[in-house]
Every structure is written in C-alpha cells, then in structure tokens.
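The structure appears right after this line, and notes come after that.
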Amino acid sequence: MLVGGLGIIVMMGNITLDVVLKVFWNAPIQGTVEISSYYYMVAIVMLPMALVEYDDEQISVDLLFNHFPDWLQRISLLITFFATAAILSVMTWRTGLDAVRAFKVGEVVMGSREIIVWPARCMLPLGFGLAAVAALLRAVLLVQGKPVTKLHDTESAA
C-alpha cells in the first residue's frame, strides 16, 4: 500500500515538473506520458491489490448474503475465497508469461522517446499473486472462526 501511495506522489511530482518545465522553459520531460501510463498507474492499481483483498475493501454486493444463516454465509465466503484465489492465480500465471516474454524481447514503447517497459510488466503478476495469497489467508481466517468481512466487524461493534 505504501509503494502504491508513493507511486501517486512520484507521478504527481513528475507531471507537475513536466508542466512547469514546458510552460516556463519550453523543455518538457521526455516520456512523461509513457512513464505515467506504464509504470505509475500500474503500480498504483496493482501493488495495493492484496491489501484491498485482505481488508475486505473490494466492491461487493451482498443483497442476499446478509439474509443467509451464519453457516451458509461461511460456506459462501469459503467458496468465494477459493474461487477468487483460483482466478487470481490464473491471472498471475498468464501475466507472468507476458512479463517473461516482455523481458526476453526487451519490450519498449515509442513515444516522445523510447521507454523500456518490460520491468513494469512484472507488477501485474506480483499484484495478482499477492491478492491470491490474501484470498487464501482470508479462507484460513474464516476456518479458524475469525472475522473476515467488514459487515462482521460492524455487527460486533453494535
């Protein structure tokens, strides 16, 4: 989460400096758009993904879930956690293959200048993989009888 937040600050500084240099000295920072698109934005989205999953901060619709008995809620959550981990694992594997391919070919993009982007491809499998681990950790916590949803936390506080 800290790395994602740091990415926002660095991106903001880079873009601000680019605009200032362009306006006052007609000397923009070459590759700002590409670096923002391929590095900063990917880091901001992918790196905090595991914490978002672990802290139950992702978007969810629990229209019927709240009316289920406790045992059915636990089973539903367990199935959801394993399905989430499985899907994220497939995404980790697929994006990992893309990252390896990008590394092998030395992937670059052409914009105002050539920018190396293959290292940024590693952030996707890292984010997906850590989120899969977080989903599995939530399943373990659920089996141990510990709270794993924000709804559960608010009920115990009331």
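Under the working numbering, think of the first position of the sequence shown as 1, with each following residue one higher.
Every residue gets a Cβ at the ideal spot worked out from N, C-alpha and C, and that includes glycine.
Model, not experiment: these values are computed from the prediction.
Can you give the Cα-Cα distance for residue i and residue j, rounded to whole angstroms?
i       : j       : result
Leu-69  : Gly-31  : Contrary to the premise, residue 69 reads as Pro rather than Leu in this sequence. The straight-line gap from Cα to Cα measures roughly 55 Å.
Pro-125 : Val-148 : 24 Å
Ser-36  : Thr-16  : 12 Å
Asn-66  : Ile-87  : 25 Å
Pro-48  : Arg-113 : 29 Å
Phe-24  : Arg-101 : 41 Å
Which class does residue i belong to by DSSP, given the choice of helix, strand or coil?
i       : result
Val-108 : strand
Glu-57  : coil
Asn-26  : coil
Leu-63  : coil
Thr-159 : The requested residue 159 does not occur in the structure, where the chain is confined to residues 1 to 158.
Leu-97  : helix
Thr-16  : helix
Leu-142 : helix
Thr-149 : coil
Pro-48  : coil
Pro-125 : helix
Phe-81  : helix
Met-1   : coil
Phe-68  : coil
Checking the sheet assignment: what are the DSSP bridge partners for residue i?
i       : result
Ile-116 : Val-108
By the 10 Å Cβ neighbour count, where 16 or more other Cβ atoms means buried, how is residue i classified, buried or exposed?
i      : result
Gly-13 : exposed
Tyr-40 : buried
Asp-55 : exposed
Ala-99 : buried
With distances taken Cα to Cα, identify the nearest neighbour of residue i among the options.
i       : options                        : result
Met-11  : Ala-85, Ile-44, Ala-135        : Ile-44
Leu-141 : Phe-82, Phe-128, Ala-27, Ile-8 : Phe-82
Tell me whether residue i, by its Cβ, gets closer than 7 Å to a heavy atom of the ligand ADP.
i      : result
Asp-56 : Although the ligand ADP was asked about, the structure shown includes no ligands whatsoever.
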